[in-house]
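In the working numbering, the protein residues as written are 9 to 476. Have a look at the structure below, then the notes.
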RNA sequence: GGAUGGGUGGCCGAGUGGUUGAAGGCACCGGUCUUGAAAACCGGCAGGCGUGCAAGCGUCUCGGGGGUUCGAAUCCCUCCCCAUCCGCCA
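This is the structure in structure tokens:
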């Protein structure tokens, strides 16, 4: 969410930010509405001031028994009332228009973010590790996993359809081992507090981090009131429409149906990432500057519907409706945010180093960045089976974009002033993709997989995953 | 799912129609005292929006929306949320 004051001060800067995102200029339109809004507010407040002053006078006049004056004032106030009523309606309307307009806009990229269309224009900032060489043709993770009998897409499809997987035995344990390993490092070495948040959240929480209102199609929603119920109430309303004028009973039923349809009670969303609950920990709160940065990490399942992504990465575990991830979130002051971004990215990279997995880090170009980000580093791990780098972590600094949506602020030390916190999030790392990388990089000619040294304590000392 | 009770400033908490934007306490900030600290005492301290160079002024906000009234934290309607007990349940 953009600061309207900033748009007023620097409309060209605002339009330039939108241009970087490939959007048409909007400043003129926004400022026109803003001006309209201020005119409405001014008029409304004048009327309210008059009403308030007169009301006090009425009180005094009545107290002193001056009924004539009181009566005259009351008539004046009655006239102001219509002005107030329409003014309030106008303000609500124009506030909503402005909010709709601004809340659908992606965050402004920082100046040092490269401009570009899509992932082709991302810029590599560093690479680490040596790609393994094989005396044989390296396989893809699903070939290895299925051959081992520990990765089963067919059974998963029976249970849940496409884009799910069943892991068994050592691979199932590997998921747990990787997650524990990551959490241990982030908590004991990097100062993140381990957190176990809910995986179901309310819609305003998703609005806070920016998934709603624009990306509802990428999410799974759950609820006791099903969509069919809603359709039912809608249908009932349609059927009743032509009876409404004549039948009071129909009116009552229609009112009830309308209410049921518009009620989102018990309606929750599955989180697409732990970023959502972790970042929202500070929503509607005022934190002390001394408590920042606040660092949290969580291992959670993540759920993504990704309606638009059909046909991409259909084989294997790369793109699933459910996967788990260790997430990093930092809540910082304005001044801390950029350093924290570098730090967080290093925390994520450190995991790959300890797992001895080659990777590169890229800066996403303006066209490839997520909705809420001002700058994003993607860490891409080398996958020899696919002969390519694949994203395994995404670390973003969001400025105060999410904080404005959440109304999350901090008190500047020694001052009265409140400011919006700055938020950052990063994967530290995606578990499934880490598993894939281990499998493909550490595969042996016989199809077995060497477990990285660092993980062996988490695997009960197991050194190699092989078929029984 | 059933029954009740609630939602007030950073936190706790008083307040049932007229200088109450809100007592009191805690926290925080400044000061007096002290070698220093604590304690004690004095003072300050809600947020948003509008306007103004600023001091300030105005306005809104006591969960959200609507209503009654000259006037609402206070009365009415409605929605949301929370807590407790019972039921169900890992």
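By construction, the Cβ of each residue, glycine as well, lies at the ideal position given by its N, Cα and C atoms.
Return helix, strand or coil for residue i, following the three-state DSSP convention.
{"i": "residue 430", "result": "strand"}
{"i": "residue 13", "result": "helix"}
{"i": "residue 140", "result": "coil"}
{"i": "residue 271", "result": "Residue confidence is low: residue 271 scores 46 on pLDDT, short of 50, so the model does not pin down where it sits. Its coordinate-derived value is still stated next. Residue state, collapsed to three classes: coil."}
{"i": "residue 132", "result": "strand"}
{"i": "residue 438", "result": "strand"}
{"i": "residue 50", "result": "helix"}
{"i": "residue 209", "result": "strand"}
{"i": "residue 356", "result": "helix"}
{"i": "residue 220", "result": "coil"}
{"i": "residue 287", "result": "helix"}
{"i": "residue 152", "result": "helix"}
{"i": "residue 235", "result": "Summary for residue 235: the model assigns pLDDT 45, below 50, so the residue's position carries little reliability, and this model does not support an answer."}
{"i": "residue 363", "result": "coil"}
{"i": "residue 278", "result": "strand"}
{"i": "residue 344", "result": "coil"}
{"i": "residue 56", "result": "helix"}
{"i": "residue 214", "result": "helix"}
{"i": "residue 322", "result": "coil"}
{"i": "residue 64", "result": "helix"}
Just to confirm the assignment, what range does the alpha helix (DSSP H) spanning residue i have?
{"i": "residue 166", "result": "161-168"}
{"i": "residue 98", "result": "75-111"}
{"i": "residue 196", "result": "177-196"}
{"i": "residue 412", "result": "409-414"}
{"i": "residue 21", "result": "19-28"}
Would you please state the rounded distance, in angstroms, between the beta carbons of residue i and residue j? I believe it to be under 8 Å.
{"i": "residue 336", "j": "residue 436", "result": "4 Å"}
{"i": "residue 219", "j": "residue 227", "result": "6 Å"}
{"i": "residue 39", "j": "residue 16", "result": "7 Å"}
{"i": "residue 413", "j": "residue 112", "result": "Between residue 112 and residue 413 the Cβ distance is about 12 Å, and since that is not below 8 Å, they are no contact."}
{"i": "residue 213", "j": "residue 285", "result": "7 Å"}
{"i": "residue 456", "j": "residue 434", "result": "Actually they do not touch by this definition, with Cβ atoms about 32 Å apart."}
{"i": "residue 441", "j": "residue 326", "result": "7 Å"}
{"i": "residue 230", "j": "residue 278", "result": "6 Å"}
{"i": "residue 115", "j": "residue 468", "result": "Between residue 468 and residue 115 the Cβ distance is about 45 Å, and since that is not below 8 Å, they are no contact."}
With DSSP as the reference, identify every bridge partner of residue i, one or two as the case may be.
{"i": "residue 304", "result": "201, 337"}
{"i": "residue 309", "result": "332"}
{"i": "residue 403", "result": "385, 434"}
{"i": "residue 472", "result": "458"}
{"i": "residue 398", "result": "389"}
{"i": "residue 174", "result": "160"}
{"i": "residue 477", "result": "Residue coverage of the chain in this structure runs from 9 to 476, which leaves residue 477 outside it and unanswerable."}
Return the CA-CA distance between residue i and residue j, expressed in angstroms with no decimal places.
{"i": "residue 193", "j": "residue 359", "result": "8 Å"}
{"i": "residue 474", "j": "residue 465", "result": "18 Å"}
{"i": "residue 371", "j": "residue 129", "result": "9 Å"}
{"i": "residue 269", "j": "residue 300", "result": "Reliability fails at residue 269, whose pLDDT of 48 lies under 50, so the model's placement of it is uncertain and the value that follows must be treated cautiously. Distance between the alpha carbons of residue 269 and residue 300: 43 Å."}
{"i": "residue 21", "j": "residue 46", "result": "22 Å"}
{"i": "residue 101", "j": "residue 122", "result": "38 Å"}
{"i": "residue 97", "j": "residue 69", "result": "32 Å"}
{"i": "residue 340", "j": "residue 429", "result": "6 Å"}
{"i": "residue 170", "j": "residue 395", "result": "25 Å"}
{"i": "residue 463", "j": "residue 200", "result": "20 Å"}
{"i": "residue 361", "j": "residue 461", "result": "12 Å"}
{"i": "residue 120", "j": "residue 383", "result": "8 Å"}
{"i": "residue 375", "j": "residue 31", "result": "11 Å"}
{"i": "residue 452", "j": "residue 144", "result": "9 Å"}
{"i": "residue 12", "j": "residue 410", "result": "15 Å"}
{"i": "residue 158", "j": "residue 176", "result": "5 Å"}
{"i": "residue 182", "j": "residue 131", "result": "32 Å"}
{"i": "residue 204", "j": "residue 52", "result": "47 Å"}
{"i": "residue 353", "j": "residue 188", "result": "19 Å"}
{"i": "residue 287", "j": "residue 26", "result": "25 Å"}
{"i": "residue 297", "j": "residue 388", "result": "34 Å"}
{"i": "residue 425", "j": "residue 393", "result": "54 Å"}
{"i": "residue 324", "j": "residue 289", "result": "34 Å"}
{"i": "residue 450", "j": "residue 14", "result": "51 Å"}
{"i": "residue 133", "j": "residue 420", "result": "34 Å"}
{"i": "residue 85", "j": "residue 103", "result": "26 Å"}
CB of residue i to nearest heavy atom of the ligand NAD: below 7 Å?
{"i": "residue 141", "result": "This structure lacks the ligand NAD, and indeed carries no ligand of any kind."}
Could you check where the beta strand (DSSP E) with residue i kicks off and where it finishes?
{"i": "residue 231", "result": "229-231"}
{"i": "residue 294", "result": "294-296"}
{"i": "residue 464", "result": "Element bounds for residue 464: n/a, residue is neither H nor E."}
{"i": "residue 371", "result": "367-371"}
{"i": "residue 419", "result": "417-419"}
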